[in-house]
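*Asks:* Sharing a structure below in structure tokens format, with a few things to ask.
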Amino acid sequence: MTLLKSEIDLLRSVPIFAGIEPARLKLIAFTSDSIAYRAGQVICRQGQPGDAAYVLVDGEADVSVATEAGDYLVATLRSGDVVGEISILCDTPRTATVTARTGLTALRVRKESFLQLLKQFPEIAAEVMRGLAERLTHTNEELVRARNLAASRGGEA
1 MTLLKSEIDL
11 LRSVPIFAGI
21 EPARLKLIAF
31 TSDSIAYRAG
41 QVICRQGQPG
51 DAAYVLVDGE
61 ADVSVATEAG
71 DYLVATLRSG
81 DVVGEISILC
91 DTPRTATVTA
101 RTGLTALRVR
111 KESFLQLLKQ
121 FPEIAAEVMR
131 GLAERLTHTN
141 EELVRARNLA
151 ASRGGEA
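In UniProt numbering, the protein residues as written are 1 to 157.
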């Protein structure tokens, strides 16, 4: 019982779960796994099937995309961020590799449970959409910067 209580406390500290009542947090905690990662450990790899989403409880993780020129860092995630949801929502392979930058703790929510959470808790779905929109905005800004840099060098992007 103590383990479940500590997982509920972890969930309560994560912004997307902050407004959910304790009884429902218990259900989420029961259907998720708390996993610790060492710095440098891969959480999920680009191209692999998506079987779970991860909610970072503490620590940081880097998101990178493999390109012909090598891996490109696209984001750094922190406590409260969700990762892995794109492959679940779109039923596609992972779009990026996520690697622990520091030691971190994450809650792994399996695909079926994650989709059920989104149906049952509209506030979680809204937070996930907000996070996706922020990442899309950041990616678009990076793309514009890359194209402007290529244009200023006389190349094409």
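We treat Cβ as the ideally placed atom computed from N, Cα and C, and that holds for glycine.
As the structure is a prediction and not an experimental result, all values here were calculated from the model.
Could you give the first and the last residue of the continuous alpha helix (DSSP H) run that contains I124?
*Replies:* By 1-based counting over the sequence shown, the position of residue 124 is 124. I124 -> alpha helix (DSSP H) spans 122–152.
*Asks:* Any idea what DSSP makes of D62, helix, strand or coil?
*Replies:* Taking the sequence shown and counting its residues from 1, one reaches residue 62 at position 62. It is a strand residue.
*Asks:* Give the straight-line distance between the Cα atoms of F121 and F17, rounded to the nearest whole angstrom.
*Replies:* Numbered from 1 along the sequence shown, position 121 holds the residue referred to as residue 121. Numbered from 1 along the sequence shown, position 17 holds the residue referred to as residue 17. Going by the C-alpha atoms only, they are around 9 Å apart.
*Asks:* In the structure shown, what three-state DSSP assignment does I20 receive?
*Replies:* Position 20 of the sequence shown, counted from the first residue, corresponds to residue 20. The answer is coil: DSSP assigns I20 none of H, G, I, E or B.
*Asks:* Along the chain, where does the alpha helix (DSSP H) containing S87 start, and where does it finish?
*Replies:* Looking up residue 87 in the sequence shown gives position 87. 85–90 is the span of the alpha helix (DSSP H), which, as asked, contains S87.
*Asks:* If you check the beta carbons only, do P15 and G80 fall under 7 Å apart?
*Replies:* Start at 1 with the first residue of the sequence shown, and residue 15 comes out as number 15. Start at 1 with the first residue of the sequence shown, and residue 80 comes out as number 80. In this structure, G80 lies closer than 7 Å to P15 by Cβ.
*Asks:* Could you check what DSSP says for M1 in three-state terms: helix, strand or coil?
*Replies:* One-based indexing of the sequence shown puts residue 1 at position 1. Legend: pLDDT at M1 = 45, less than 50; position of this residue unreliable, value from coordinates given subsequently. If DSSP states are grouped into helix, strand and coil, M1 belongs with coil.
*Asks:* Per DSSP, what kind of secondary structure is D9 in: helix, strand or coil?
*Replies:* The residue given as residue 9 occupies position 9 in the sequence shown. Note: D9 maps to helix in three-state DSSP.
*Asks:* Return helix, strand or coil for A52, following the three-state DSSP convention.
*Replies:* The residue you call residue 52 lines up with position 52 of the sequence shown. Reduced to three states, the DSSP call for A52 is strand.
*Asks:* Span of the beta strand (DSSP E) holding V109?
*Replies:* Locating residue 109 in the sequence shown gives position 109, where the first residue counts as 1. 104–110 is the extent of the beta strand (DSSP E) around V109.
*Asks:* Going by other Cβ atoms of all chains shown within 10 Å of its Cβ, with 16 needed for buried, is E127 buried or exposed?
*Replies:* Position 127 of the sequence shown, counted from the first residue, corresponds to residue 127. Label assigned to E127: buried.
*Asks:* How would you call R145, buried or exposed, if buried means at least 16 neighbouring beta carbons within 10 angstroms?
*Replies:* Start at 1 with the first residue of the sequence shown, and residue 145 comes out as number 145. That one is exposed.
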